[in-house]
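Notes for the one structure printed next.
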Amino acid sequence: MNISLSITKTIYELLLGFLPEGYEAVADIGAMVVIALIYLGIFAVAGLYLVLLERKVAAWFQLRIGPNRVGWWGLLQTMADALKLVSKELTGTAKADKFLYNLAPYFVIVSALMALAVFPFTQEFQAFDINIGILFLMAISSIGVIGILLGGWSSNNKFALIGAMRSGVQTISYELSVGLSLLTMVLITGTLQLSEIVEVQKNGWLIVQGHIPAVIAFMIYMIAGTAETNRAPFDLVEAESELGAGFHTEYSGMKFAYFFLAEFINMFIIAAIATTVFFGAWLSPFGITESLPWLGAIWFVGKTLVLVFLMMWFRWTFPRLRIDQLLTLEWKYLLPLNLLNLVLMALIVWLELTIQF
Amino acid sequence: MSYFGNIAKGIKTLLTGMSVTGKYFLHSRKGAITQQYPDNRETLKMFDRFRGEVVMPHDENNEHTCTGCQKCEIACPNGTIEIIWDRQVDPETGKKKKMIDQHIYHLGMCTMCGLCIEACPTDAILWAQNFENSVYDRSYLTKVLNKPGSKVKAGIED
Amino acid sequence: METTTVNNNFKSEEYFINMGPQHPATHGVLRLLLTIDGEIIKKVEPDLGYIHRSIEKMCERDSYQQIVHLTDRMDYLSSHINNEAVCLTVENALEIEVPERVKVIRTIIGELTRLASHQLWWGVMGMDVGALTTYFYGFRDRELINDIFEETCGARLTMNYNIPGGLMYDIHPNFVKRVKDFIAHFRTKLPEYDRLLTGNVIFQKRMRGVGILSKEDAISFGASGPVGRGSGFSCDVRKHHAYSALDKVTFKEALRTEGDSLARYEVRIQEMWESMSIIEQLIDTIPEGDYKVATKAVIKLPKGEFYQKVETARGELGVYVVSTGTKNPYRLKFRSPGFSNLSLLNHIAVGGKIGDLVASMATLDIVVPDIDR
Amino acid sequence: MDLMKVIKTEFMTNEALQNLISSWIPELEFNEEGSQFLNITVQPEQLHLLMSQLKTNSETNFDYLFCLSGVDWGKELGVVYHLESTTHRHIIVVKVKTEDRENPTLDTVSDLWKTADFHEREVFDFFGIIFNNHPNLKRLFLTEDWDGFPLRKDYVDEINMVIK
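Here the protein sequences line up with chains A, B, C and D, keeping their order. With this note's numbering, the residue at position 171 of the first sequence is 1261, and numbering never jumps. With this note's numbering, the residue at position 145 of the second sequence is 412, and numbering never jumps. With this note's numbering, the residue at position 211 of the third sequence is 227, and numbering never jumps. With this note's numbering, the residue at position 79 of the fourth sequence is 1572, and numbering never jumps.
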């Protein structure tokens, strides 16, 4: 079933029209490049606006107004910030491991952008629909931590090193919970391919289909996902009041911006995975807009933003955990609960107790 | 089952915290406490006791009430005030009298403690409510409080 | 927290890390030399003096009226109480009886100062443990107090409202109403502090059992204020050596026996309630009368030694004056609460994690100019 | 709260304190002139003995050293200890002086009161008084290479000190 390859197909056929016979391979690569550029453009800007959203939301939680000087309602604020960061000098420590130090930000940003490829924004708008979609997402999202580790280690700063080590510990632990909670949902869908997971949800979103265990899985996923993105209350990697800026202490200019942008894109990714797996991706509630397929993108982004808002709400309310409590939470609470939940879900699927519309 | 009890209790406290911030989020439109400073200059009024900087009021005849007694200069802990004075012949009485030449006020050294104004027996110096004291050069912070050509009001003795 | 390593390949190595003088958690230019093993703190050595202005030496050349304004710049968050300490010393030495009105007003503004200081502390406390929003809620309420100060005293922070012999000027006509409005407002907001932060499970986990200071150690280290009272050391100067109008009010000394960071936190929260109750007891009955008694333009203290202690928001501030009968003190020593409280940081932080150090340091409520007088 | 009950009110008057303390060490000077507390002047050699007695004796029990100040008396350098008992709530002042301005040496009390650790370092920093047996006696506020001891009366620094 290859229904959702049509955006790639459209561009491929378009390119094929320009090219003479026998250049299918070129068209194939050309289509990939064009799609990559489109995604890069969209999500670089989307990332910037997520930063703006975060700042605005933070301001509203904190009785402030937020950025409102650059552009109408502050809409160009982050653009201006990005421009500033581009124009800034790139400084670094003298004794840094230069190669790894420069490599680290690209690791983080590239792995963040790669994950975007598999999301089904609408039925057609999916760049890359592989049959191991969820596995791919989990694999990609754990590559980012290598960049953080590299950055923290190579910048030859003790604060950065502590931050990086914390990040390693944290991501390795919470990877488990993210995986297991998604695995719980895979029990219902029976497939790892994202487009088919959406297909299954035409009978009701998975959080409804799976009811109690699905809700538990969702909560665990959100907690672990917040930890994966190193955001408060799990921001030990940066931990402003403890480590200054953590792993990116020694980064400046655009290299810092890559880390910063990657954090927000990762947040979007975590929310997008939750949207796809738990909330029916581009499906509208009760199928009210099924007749207009292009509205799916709006539904998808809308649901994602609600989850992103939830993560922001966490961030601006909760204090930070300590490193040992972070591990306690994972290994003593989330992991056993998750395993229990997996068994529960298996039982429910086996006894066909899922709610189907 | 204290294990699950603890989880439930923990989640409840987290939700309580979120309800507090959530409430402010919903009321953020009118609840914002930000003062958009340069924009609200017209409405921003300091309290009348606000200590902005020391000024010497002059009346319409360009007369002040400073007799040059130097009490403010002595009271000041930081050497903010310097008074340059000499004895001149008072044109009305014909006697020699202490008169100020320049009442110099170094705003850059002032800690706004208010001791000079308390010390002044003739209320010649007062607090102004101006708070926008930033300048591009430190030397602008040294001010001469008495206006050029001003003289002390008749009948003011220390 | 004994980590015995069997395999030498995994033997951990201690290293130094420099926390400060520019660090978000040290609240000013305090430098801590940490010896760390992984995340575990082995030793904390404060390095002070980055903003030492030698106020004690400056006092030896200043007149007693001028000394008052220097105390504003020690613990700037309880500047009014610092002023009061010097003024009380001078008044006691000269045996001046200040009017009742002055005493009551001093006490009210002193308690407002304490409230403002604790509000700022609460905001910063939340920020140190990672809850950034508390900062703004704390500051929102503190602004109201600062407005009261600005209207009456002319300044928001370094007020210099006390002078030996009374107050610089009378209270503003709006003072009583504003204070009442504030108390009414803050009585609704303080429970919110508890709901947002105190009850939070993460916060409780971060604070409970962290940075434990026993009562014996608290006394031995000279801990005072909420730090001492969190360990069960009854050290409230307002109770034991009441000054100004504090002998006329009833209030409970906030005491906890646990001695951990949470106890110190709870002591401050309770103190905010008690301060509000003290203000409410006094605000309606401000006696009529003069706001100062006339003193000589040049104050000369009699020959002798004078000591006055007051309870600032951080603890016991002592003013020790040695006078030789001249217009300047021969020697003036400020026993500042922050200095003694900082000296116990090493004691309570060793064995904890970096996060614990930040949390316990936040509950010590350090103001660096108070330490670097 | 039961904590309040612990505080015994065996308050000792200055006279009683004087009688008790002079029975330990006879050569002490007592003085109440010009101070609201009882002042004891002790010779440097007997300082530590007196202090440990004051702290450990159950009748005096001065367990709270709330102020430790160095004073330059002109001829001699000295330290003034303000002590309070948290159980009996009486206050006493102990003074110790040494005439040796070149190399003033006193005994530390930081083994009795931990707060003395920092306070004695401060006194060392500003007055140059060396405390025997102090665990970590080095400059606290000033840099290691600072010349002189600023709070001494004979300290001159023509550049940084503004004299009125």
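Each residue gets a CB set at the ideal place from its N, CA and C atoms; glycine is no exception. Note that the coordinates shown come from a computational prediction; the quantities given were computed from them, not determined experimentally.
Would you give the residue range spanned by the alpha helix (DSSP H) that residue i belongs to?
i, result
"R158 of chain C", "T149 to C169"
"F202 of chain C", "F191 to Y209"
"P62 of chain C", "Run containing P62 of chain C: none in the alpha helix (DSSP H); it sits in the beta strand (DSSP E), I56 to D63."
"E111 of chain C", "Element bounds for E111 of chain C: n/a, residue is neither H nor E."
"T1418 of chain A", "I1413 to T1418"
"A1136 of chain A", "E1114 to F1151"
"S1263 of chain A", "K1248 to T1279"
"V1298 of chain A", "L1296 to Q1299"
Between the beta-carbon of residue i and the beta-carbon of residue j, is there less than 8 Å?
i, j, result
"K268 of chain C", "E290 of chain C", "yes"
"I1359 of chain A", "A1205 of chain A", "yes"
"D386 of chain C", "R330 of chain C", "yes"
"T1339 of chain A", "M1401 of chain A", "no"
"G317 of chain C", "A101 of chain C", "According to the sequence shown, residue 317 of chain C is Leu rather than Gly. Not closer than 8 Å, so no."
"A1371 of chain A", "F1399 of chain A", "no"
"T310 of chain B", "I371 of chain B", "no"
"K369 of chain C", "E55 of chain C", "yes"
"P1303 of chain A", "I1438 of chain A", "yes"
"L1270 of chain A", "L1432 of chain A", "yes"
"L1633 of chain D", "R1614 of chain D", "yes"
"A1184 of chain A", "A1352 of chain A", "no"
"G298 of chain B", "L1153 of chain A", "yes"
When DSSP labels each residue in this structure, what does residue i get in the three-state scheme?
i, result
"H85 of chain C", "helix"
"R4 of chain C", "There is simply no residue 4 of chain C to check, as chain C begins at 17 and stops at 389 in what is shown."
"F322 of chain C", "strand"
"D306 of chain C", "coil"
"K363 of chain B", "strand"
"C380 of chain B", "coil"
"A375 of chain C", "helix"
"V1649 of chain D", "coil"
"C339 of chain B", "helix"
"D353 of chain B", "strand"
"W394 of chain B", "strand"
"T1464 of chain D", "Summary: the structure shown does not reach residue 1464 of chain D, with chain D confined to residues 1494 through 1657, and so no result is reported for it."
"E332 of chain C", "strand"
"E1592 of chain D", "coil"
"M35 of chain C", "strand"
"Q369 of chain B", "strand"
"E330 of chain B", "strand"
Going along chain B, which residues have a C-beta under 7 Å from residue i?
i, result
"G215 of chain C", "T280 and T283"
"T149 of chain C", "T288"
List the residues of chain A that residue i touches, going by C-beta distances under 9 Å, in chain order.
i, result
"D372 of chain C", "R1412"
"L67 of chain C", "Leu is not the amino acid found at residue 67 of chain C; the sequence shown has Ile there. Under the 9 Å cutoff, chain A gives no residues; its nearest Cβ is about 20 Å from I67 of chain C."
"T288 of chain B", "F1151, Q1152, W1403, W1406 and T1407"
"Y291 of chain B", "W1150, F1151, Q1152 and L1153"
What does residue i touch in chain B if you count any residue whose Cβ is under 9 Å from its own?
i, result
"F1408 of chain A", "L281, G284 and M285"
"I1155 of chain A", "S295, A299, T301 and Q303"
"Y1264 of chain A", "Chain B residues near Y1264 of chain A: none, gap ~17 Å exceeds 9 Å."
What does residue i touch in chain D if you count any residue whose Cβ is under 9 Å from its own?
i, result
"K73 of chain C", "F1619, P1643, L1644, Y1648 and M1654"
"R351 of chain C", "F1559, C1560, L1561, S1562, H1575 and H1612"
First and last residue of the beta strand (DSSP E) that includes residue i?
i, result
"Y185 of chain C", "Counting along the chain, Y185 of chain C falls outside any beta strand (DSSP E), and DSSP gives it neither H nor E."
"L1599 of chain D", "T1598 to D1600"
"V1573 of chain D", "L1570 to E1577"
Which residues in chain C have a C-beta closer than 8 Å to the C-beta of residue i? List them in chain order.
i, result
"E394 of chain B", "First, the residue type needs correcting, since residue 394 of chain B is Trp and not Glu in the sequence shown. Under the 8 Å cutoff, chain C gives G170."
Going along chain B, which residues have a C-beta under 8 Å from residue i?
i, result
"E167 of chain C", "F314 and R316"
For residue i, go through chain C and note every residue whose CB falls closer than 7 Å to its CB, in chain order.
i, result
"C380 of chain B", "H85 and N176"
"A1134 of chain A", "In chain order: nothing, as chain C lies at least about 27 Å away."
"G1571 of chain D", "Those within 7 Å of G1571 of chain D in chain C number zero; the least Cβ separation is about 10 Å."
Report task. Specify whether the segment 1187-1203 of chain A and the segment 1348-1357 of chain A touch according to this definition: at least 3 beta carbon pairs, one from each stretch, less than 8 Å apart. Result -> Cβ pair count under 8 Å is three or more, so yes.
Query raised in the report: Does the segment 259-273 of chain C come within contact of the segment 55-73 of chain C, defined as at least 3 CB pairs closer than 8 Å?
Result: Verdict: no, contact absent.
Query raised in the report: Given 8 Å as the limit, is there contact between the segment 1620-1636 of chain D and the segment 1591-1610 of chain D, that is, 3 or more CB pairs closer than that?
Result: Three or more Cβ pairs drawn from the segment 1620-1636 of chain D and the segment 1591-1610 of chain D lie within less than 8 Å of each other, which places the two stretches in contact.
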